[in-house]
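All residue numbers for the first sequence refer to the working numbering, where the first residue is 6 and numbers rise by one. Idealized CB from N, CA, C, for every residue including glycine.
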Amino acid sequence: MSEQTIPHRFDPTDHAGDLQKTYADLADGESTGLEVTVAGRLMLKRDQGRLVFGTLQDATGRIQLFAQEKTTPEFSDFSALHLGDWVGVTGEVIKTRRGELSVRVAQWVRLAEARRSFPDKWHGISDTDTRYRQRYVDLWVTEEARQTFLLRSKVMSLTRRWLEEKDFLEVETPVFHPIPGGALARPFTTHHNALDLDLYLRIAPELYLKRLVVGGFERVFEIARVFRNEGLSTRHNPEFTMLELYQAYADYTDIMVLVEELVAHLAQEILGTTSLTYDGQDLDLSVPWRRATMRELLLEHAGLDVDLDTPREELVAMCEQHEVPVKDHYGPGKLILELYEKTTEPKLWGPIFVTDYPQEVSPLSRDHRDQPGWVERFEGIVAGRELCNAFSELVDPEEQRNRFSAQESEKAAGDAEAMVVDEDYLRALDYGLPPTGGLGIGMDRLVMLLADTTAIRDVILFPTLRPEQGLAD
RNA sequence: GCGCCUCUAGCUCAAUUGGCAGAGCAUCGGACUCUUAAUCCGCAGGUUCUGGGUUCAAGUCCCAGGGGGCGCACCA
6 MSEQTIPHRF DPTDHAGDLQ KTYADLADGE STGLEVTVAG RLMLKRDQGR
56 LVFGTLQDAT GRIQLFAQEK TTPEFSDFSA LHLGDWVGVT GEVIKTRRGE
106 LSVRVAQWVR LAEARRSFPD KWHGISDTDT RYRQRYVDLW VTEEARQTFL
156 LRSKVMSLTR RWLEEKDFLE VETPVFHPIP GGALARPFTT HHNALDLDLY
206 LRIAPELYLK RLVVGGFERV FEIARVFRNE GLSTRHNPEF TMLELYQAYA
256 DYTDIMVLVE ELVAHLAQEI LGTTSLTYDG QDLDLSVPWR RATMRELLLE
306 HAGLDVDLDT PREELVAMCE QHEVPVKDHY GPGKLILELY EKTTEPKLWG
356 PIFVTDYPQE VSPLSRDHRD QPGWVERFEG IVAGRELCNA FSELVDPEEQ
406 RNRFSAQESE KAAGDAEAMV VDEDYLRALD YGLPPTGGLG IGMDRLVMLL
456 ADTTAIRDVI LFPTLRPEQG LAD
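Spelled out as structure tokens, the structure:
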């Protein structure tokens with residue numbers, strides 16, 4: 006084809022999806038008399054000699070291009086376009102005799118050349134590696150991928166709006182942390198040259214957000230990219246997105262209501278219902294969700310009647326019976342949590358709030374108001390997956406210091422994920438944190454739930470992969 | 001990190017027991033004025049992931065390495 010200059014800008018007047026909606030009822034063979042300009046990628050081409058049909062796809066959908074030799078300038082160049090080329094087209098909106106809404110090409114310009122040939126126009130890409138590495142191609146040829154990411158965008162947008170309507174303030178806190186905190190996880194490390202300072206990528210924004218409540222922002226939230234130096238799986242990516250929010254004067258029961266209402270709202274807005282299926286199983290998200298304590302569920306699903314004063318030998322025996330590995334420094338709380346995770350959690354489908362965790366395994370949660378040794382904490386299990394973690398926040402600086410100290414002991418005992426003392430956070434608590442409810446939701450998993458996909462990589466545009474070998478040559 | 005599976009043309013896939021590496025789409029050349037994955041004719045396209053080994057002969061069998069997937073473990 007002849008040399009064509011690619012313009013520096015272009016002005017489409019319409020999108021394919023809108024035109025399809027507007028002219029759905031146009032009769033076969035009719036013309037609208039309306040001239041439009043559309044732009045997008047040429048996905049299909051049907052060359053008839055003196056007549057060429059193309060299928061143009063833009064951000065909203067597809068529309069046919071109808072080019073005739075006698076009315077389309079540089080017709081032979083048009084018919085020589087490659088699949089995958091970007092074009093801008095001006096012409097009248099018509100419906101062909103065979104009933105396909107089309108733009109009759111009166112002017113056109115190539116907006117980009119596809120120098121690499123597009124994947125098979127029927128089969129697309131089936132190799133997941135290629136789909137994740139070359140998402141820019143995947144989004145064109147895999148409609149479900151497109152839909153999933155549009156859904157993700159809606160989830161984020163609706164969540165923001167919903168929280169803002171409830172007077173939550175969106176904030177941004179540091180990604181670089183001098184002390185990793187707010188969760189039990191192994192951090193990534195990095196280094197700032199000018200300060201000659203080792204820094205950690207955040208594993209959670211929690212401690213900074215609670216500082217803001219101390220600072221008087223009564224309701225704050227952050228949609229935070231967090232980083233954990235752990236394994237990859239269908240449910241784990243080293244960087245993922247967590248919604249954390251803190252609400253002054255609230256406790257964990259308020260947060261349960263907030264979670265179930267938010268998730269039900271998102272399902273209703275996006276899917277039009279709170280009754281959905283996930284991975285082939287029914288899931289009813291309508292409120293209220295069941296609440297049950299960890300102890301109740303251990304009894305219900307595993308027949309284990311345990312408490313913090315159960316003799317250690319008995320707890321250890323139960324662990325051995327259920328093939329739970331036991332370490333010497335595990336206290337009763339840790340043993341009970343391990344038993345729960347091994348025997349009970351896998352049986353939960355939900356939605357359900359599992360409430361009241363052992364204090365021993367919850368260094369940032371407030372003591373239960375009438376269950377000594379337990380804390381006011383819950384996890385939401387939805388579709389068999391842990392969706393969120395929340396608690397009445399620990400507000401007492403003395404008690405918080407004790408919890409940090411216990412974590413230091415864990416660290417000394419070899420737990421790489423244990424927390425370290427954050428003196429500035431303790432100083433903030435010294436200034437007074439009011440009663441506060443806090444929440445963390447894994448947004449990637451929430452999107453997976455609503456998109457009915459079982460792989461986290463299907464909801465992350467560019468998931469973490471090994472760098473490709475031999476690409477630069 | 002461990003176990004199982006997988007890797008063939010740009011894409012989707014074949015190749016019998018170990019016996020000449022093939023097709024469709026895309027690309028390239030040609031025909032065609034209402035197609036819908038258009039159709040038809042023709043050309044070209046390969047380090048069968050890499051490196052070893054067994055064999056007269058390896059895409060196929062064996063060993064090592066690499067990429068990917070799934071499961072386990074850690075975790076959200």
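Spatial distance of residue i from residue j (CA atoms)
{"i": "P17", "j": "T37", "result": "18 Å"}
{"i": "T76", "j": "H13", "result": "26 Å"}
{"i": "E177", "j": "R165", "result": "14 Å"}
{"i": "A209", "j": "T282", "result": "31 Å"}
{"i": "D312", "j": "A150", "result": "47 Å"}
{"i": "H241", "j": "Q53", "result": "50 Å"}
{"i": "L434", "j": "P316", "result": "35 Å"}
{"i": "V43", "j": "L61", "result": "9 Å"}
{"i": "L340", "j": "A411", "result": "16 Å"}
{"i": "F358", "j": "T298", "result": "8 Å"}
{"i": "T239", "j": "T133", "result": "13 Å"}
{"i": "F15", "j": "D63", "result": "14 Å"}
{"i": "G129", "j": "D143", "result": "8 Å"}
{"i": "K416", "j": "E381", "result": "24 Å"}
{"i": "Q364", "j": "L276", "result": "38 Å"}
{"i": "D19", "j": "K26", "result": "12 Å"}
Span of the alpha helix (DSSP H), counted from its first residue to its last, around residue i
{"i": "G22", "result": "A21 to T27"}
{"i": "N407", "result": "P402 to A417"}
{"i": "E223", "result": "From DSSP, E223 is part of no alpha helix (DSSP H); its letter is neither H nor E."}
{"i": "T135", "result": "T133 to R138"}
{"i": "T258", "result": "Y257 to L276"}
{"i": "R300", "result": "M299 to A307"}
{"i": "A456", "result": "M448 to A456"}
Beta-carbon separation (whole angstroms), residue i vs residue j, contact threshold 8 Å
{"i": "T95", "j": "E40", "result": "6 Å"}
{"i": "M453", "j": "I461", "result": "6 Å"}
{"i": "E274", "j": "L163", "result": "6 Å"}
{"i": "A269", "j": "V218", "result": "Not confirmed; about 26 Å, so no contact."}
{"i": "T153", "j": "V464", "result": "6 Å"}
{"i": "L344", "j": "G389", "result": "So it is not a contact: roughly 18 Å between Cβ atoms."}
{"i": "F173", "j": "R224", "result": "4 Å"}
{"i": "V231", "j": "F222", "result": "Between F222 and V231 the Cβ distance is about 20 Å, and since that is not below 8 Å, they are no contact."}
{"i": "V400", "j": "P356", "result": "Incorrect: roughly 28 Å between the Cβ atoms, too far for contact."}
{"i": "P179", "j": "R207", "result": "7 Å"}
{"i": "L116", "j": "V92", "result": "6 Å"}
As assigned by DSSP and simplified to three states, the class of residue i
{"i": "F173", "result": "coil"}
{"i": "I228", "result": "strand"}
{"i": "A395", "result": "strand"}
{"i": "G45", "result": "strand"}
{"i": "D435", "result": "helix"}
{"i": "D143", "result": "helix"}
{"i": "Q376", "result": "coil"}
{"i": "Y430", "result": "helix"}
{"i": "L202", "result": "strand"}
{"i": "K352", "result": "helix"}
{"i": "G338", "result": "helix"}
{"i": "A322", "result": "helix"}
{"i": "A190", "result": "coil"}
{"i": "I184", "result": "coil"}
{"i": "D463", "result": "helix"}
{"i": "Q62", "result": "strand"}
{"i": "E148", "result": "helix"}
{"i": "Q286", "result": "strand"}
{"i": "T469", "result": "coil"}
{"i": "E97", "result": "strand"}
Cut-off 7 Å between Cβ atoms - residues of its own chain near residue i, not counting five sequence neighbours on either side
{"i": "R140", "result": "L466 and F467"}
{"i": "E384", "result": "V359, E391, C393 and N394"}
Near the ligand MN: residue i beta-carbon under 7 Å from a heavy atom
{"i": "R390", "result": "For the structure depicted, the ligand MN is absent and the ligand set is empty, with no information on it obtainable."}
Cut-off 6 Å between Cβ atoms - residues of its own chain near residue i, not counting five sequence neighbours on either side
{"i": "G104", "result": "D33"}
{"i": "H196", "result": "D203"}
{"i": "K347", "result": "H327 and V329"}
{"i": "A72", "result": "V57, F83 and V110"}
Own chain, CB closer than 8 Å to residue i, minus 5 neighbours either side, in chain order
{"i": "R138", "result": "L470 and E473"}
{"i": "Y257", "result": "T360, E381, R382, F383, A395, F396, S397 and G442"}
{"i": "F409", "result": "P368, M424, V425, V426, D427 and L431"}
{"i": "Y88", "result": "According to the sequence provided, residue 88 is Leu. The question's Tyr does not apply to it. Contacts found: L47, M48, L49, K50, A119, S122, F123 and K126."}
{"i": "E211", "result": "G186, G187, A188, E249, L369, G443 and G445"}
{"i": "V366", "result": "G338, K339 and L342"}
Unbroken beta strand (DSSP E) run spanning residue i, endpoints
{"i": "F71", "result": "R67 to Q73"}
{"i": "M247", "result": "E244 to A253"}
{"i": "S107", "result": "L106 to A117"}
{"i": "D361", "result": "I357 to P363"}
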